[in-house]
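Trainee:
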DNA sequence: ATTCTGCTAACTGCTAACAGTTTACAGATA
DNA sequence: TATCTGTAAACTGTTAGCAGTTAGCAGAAT
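Residue numbers (the numbering used here), protein chains in the order written: chain A, 5 to 272; chain B, 5 to 272.
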């Protein structure tokens, strides 16, 4: 997510009133980056104490960071136990993408009404960058960055704070899925992303709400299926029901087929 | 939210392995309750230090609680400044309800596929309780509790952890709106709630996805409009753009009409 | 060999104290 | 009188240390 967290509109460096970053925020970012880059394996315990020592900071800010990353679904905390890096399952994938689809359809509706032309221009620039980069060949991480950046701009253009907050939390998990499972043929994958984003941008510019919503569904369902296909047939033994699951009184595990627009389509 | 946070299925008191509540969680609950009950007025600063002193606890857990309540949208924090109780505006109302609508439509879809019969029975029980209570007359807070409890059961029945998390955050804000603005004629309001909930429950039991989604939209749009109507015509002077707004480089304020299904309908 | 038992080290939750920032206000200045 | 300025009090962010819990492992028991 290297680039996706930088502001789309860079604040003027002069007189910028620079909102002071608290130490906890810096730790959060470092730790998030480390987890996303795979420095910590899924399932691996993360000691606040060790982390604090290695970052040369006390445990207070580190604790805050860990809590924040739990909200983002990257780690799992249970009281008095060490935090554990989340192991995202097939079920988590379905949850993330079903939720994302609902939110992103809302986002394009809002974007159509509230976006400024600069917003569209920035989206176009991101698509162009990906096209250029695709020519010289890029790795998975770069592809994921471009992908997420485009969608991030859509959410920003929607000018819906709460919607953006929810997306921010989901974003990290989407990134994990993109990196770990998005192993289709690169050319095919990148062209699909480019075509999908271009189509969505066109619909947004045309203020065609129905089409934008429809295209979003297609785009995300395709992404979902591509990632799902890369999951191993038998999931790892002893896998938790979900990466989150604070809930201890979970009902016995049931196979849950996807619901709603993510499920295999009959009619259309 | 007195009752809505208790577990729907109470864990067996024997051998319950009782998940130990951390001090920070207790403080969070107390503070949330205090804000929802109006002990702190919107706009009023909340000192972590004073709060810690008055609760007989150190500032660590209190800070954690304040951060948590910021996530729930009940307070606003800026670094090095005292937290302030959120003042929810008309725009916040629109954000909350547009997001809620998208979430809840997803929830009923999942509930239709994953709910057990007990889930429906519990929903029915809540509706019945409200009917009984309405006869003897109830105050706004009780009505809000019944209302939220029903919807909470729907989200639980969906068995979608991330969806429930988002709803949990929204729930507090919905509660604030219900308490502060839901001032329609009680009889009318309660009958509307009862009818709405009954219709949704029927559609869920019938596994009629399309109807359930449609009814949810009607129910929530009605609630939105009822609350909106109670907003004063001229909002308080000096009101922030939004209760959240970490973003300091906000564009000049623009009148934003609701988007999507919340807006006034032309076609249907 | 495998399962239990008890101990030690590692670690988290919490508290208390320090350093730097913000708020509030009294007095100075126009 | 109204506005500016400097200073003290209030408050947050951070650190370090204590108390209680958990994890890991060596040795006993089967």
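Beta carbons are placed, not taken as given, at the ideal position from N, Cα and C, and that holds for glycine.
Does residue 50(B) come out as helix, strand or coil in the three-state DSSP assignment?
Mentor: Residue 50(B): strand per DSSP, three-state reduction.
Trainee: With a floor of 4 residues, list each alpha helix (DSSP H) that falls wholly inside the region 111-175 of chain A, ordered by position along the chain.
Mentor: 121-140, 144-162, all fully within the region 111-175 of chain A.
Trainee: In chain B, which residues lie less than 9 Å from residue 167(A) when you measure between Cβ atoms?
Mentor: Per Cβ cutoff of 9 Å: 99, 102, 103, 106.
Trainee: If residue 167(B) sits next to residue 111(B), beta carbons under 8 Å apart, how far is it from one beta carbon to the other, in whole angstroms?
Mentor: Correct: roughly 6 Å between the Cβ atoms.
Trainee: Below 6 Å CB to CB, which residues in the same chain sit around residue 72(B) once its five sequence neighbours on both sides are set aside?
Mentor: Excluding positions up to five away in sequence, the list reads 32.
Trainee: Determine, for residue 24(B), whether the minimum Cβ-Cβ distance to residues of chain A falls below 8 Å.
Mentor: At least one chain A Cβ lies under 8 Å of residue 24(B).
Trainee: Got a sec: is the Cβ-Cβ distance from residue 228(A) to anything in chain B below 8 Å?
Mentor: No, residue 228(A) does not count as interfacial toward chain B.
Trainee: Starting from residue 66(A), follow the beta strand (DSSP E) in both directions and report where the run begins and ends.
Mentor: It is not in any beta strand (DSSP E) - residue 66(A) instead sits in the alpha helix (DSSP H) that spans 63-75.
Trainee: Contact defined as beta carbons within less than 8 Å: I believe residue 47(A) pairs with residue 91(A). What is the distance between those atoms, to the nearest angstrom?
Mentor: About 5 Å; that satisfies the 8 Å criterion.
Trainee: Between which residues of its own chain and residue 262(B) is the CB-CB distance below 6 Å, once the five residues before and five after are set aside?
Mentor: Answer for residue 262(B): 98, listed in chain order.
Trainee: Give the secondary structure of residue 92(A) by DSSP, where H, G and I count as helix, E and B as strand, and everything else as coil.
Mentor: Residue 92(A) falls in the coil class under three-state DSSP.
Trainee: For the alpha helix (DSSP H) containing residue 215(B), name the first residue and the last one.
Mentor: It spans 213-233 - the alpha helix (DSSP H) in which residue 215(B) sits, taken as one unbroken run.
Trainee: Where do the ends of the alpha helix (DSSP H) carrying residue 195(B) lie?
Mentor: Residues 190-209.
Trainee: According to DSSP, simplified to helix, strand and coil, what is residue 79(B)?
Mentor: It is a strand residue.
Trainee: Taking 8 Å as the CB-CB cut-off, is residue 110(A) touching chain B?
Mentor: Answer yes: the Cβ-Cβ gap between residue 110(A) and chain B drops below 8 Å somewhere.
Trainee: If I'm right that residue 77(A) touches residue 177(A) with Cβ under 8 Å, what's the distance once you round it to whole angstroms?
Mentor: Sure, about 5 Å apart at Cβ, within 8 Å.
Trainee: Would residue 58(B) be called buried (16 or more neighbouring beta carbons within 10 Å of its own) or exposed?
Mentor: Under this definition residue 58(B) is an exposed residue.
Trainee: Please decide whether residue 46(B) counts as near chain A, where near means a Cβ-Cβ distance under 8 Å.
Mentor: Chain A contact via Cβ: absent.
Trainee: So residue 202(A) packs on residue 131(A), CB below 8 Å; how close in whole Å?
Mentor: About 6 Å separates the two Cβ atoms, so the contact holds.
Trainee: Taking Cβ-Cβ distances shorter than 7 Å, what residues in chain B pair up with residue 264(A)?
Mentor: In chain order: 110, 113.
Trainee: Roughly how many whole angstroms lie between the Cα atoms of residue 161(A) and residue 121(A)?
Mentor: If I take the Cα positions, the gap works out to 10 Å.
Trainee: With a threshold of 8 Å between beta-carbons, can residue 83(B) be considered close to chain A, or not?
Mentor: Yes, contact with chain A.
Trainee: How would you write the range of the alpha helix (DSSP H) that residue 35(A) sits in, first residue to last?
Mentor: That run of the alpha helix (DSSP H) goes 27-40.
Trainee: In the DSSP output, what is residue 87(B) paired with across the bridge?
Mentor: BP columns for residue 87(B) point to 50(B).
Trainee: I want to verify the contact list: residues of chain A whose CB lies under 8 Å from the CB of residue 170(B), in sequence order.
Mentor: Those within 8 Å of residue 170(B) in chain A are 103, 170.
Trainee: Mind listing which residues of the region 115-144 of chain B have their C-beta closer than 7 Å to chain A's C-betas, in chain order?
Mentor: Those would be 117, 118, in chain order.
Trainee: Any residues in the region 211-227 of chain B with a beta carbon nearer than 7 Å to a beta carbon of chain A? Which ones, in chain order?
Mentor: Cβ contacts with chain A come from no residue of the region 211-227 of chain B.
Trainee: So, for residue 146(B): in the same chain, excluding its five sequence neighbours on each side, which residues have a beta-carbon less than 8 Å away from its beta-carbon?
Mentor: Here the set comprises 137.
Trainee: Of all the CB atoms in chain A, is at least one closer than 8 Å to the CB of residue 155(B)?
Mentor: Chain A, which has no Cβ nearer than 8 Å to the Cβ of residue 155(B), makes this no.
Trainee: Got a sec? Which residues, its chain only, sit under 6 Å from residue 65(A) by beta carbon, not counting five neighbours each side?
Mentor: If we look at residue 65(A) and ignore the five residues flanking it on each side, its Cβ neighbours are 27, 28, 31.
Trainee: Got a sec: which bits of the region 57-89 of chain B sit with their beta carbon under 9 Å from any beta carbon on chain A, in order along the chain?
Mentor: Listed in sequence order: 64, 67, 68, 71, 72, 75, 77, 82, 83, 84.
Trainee: Is the Cβ of residue 164(A) closer than 8 Å to any Cβ of chain B?
Mentor: For residue 164(A), the answer is yes, since a Cβ of chain B falls inside 8 Å of its Cβ.
Trainee: Alpha carbon to alpha carbon, what distance is there between residue 196(A) and residue 226(A)?
Mentor: Cα-Cα distance, rounded: 9 Å.
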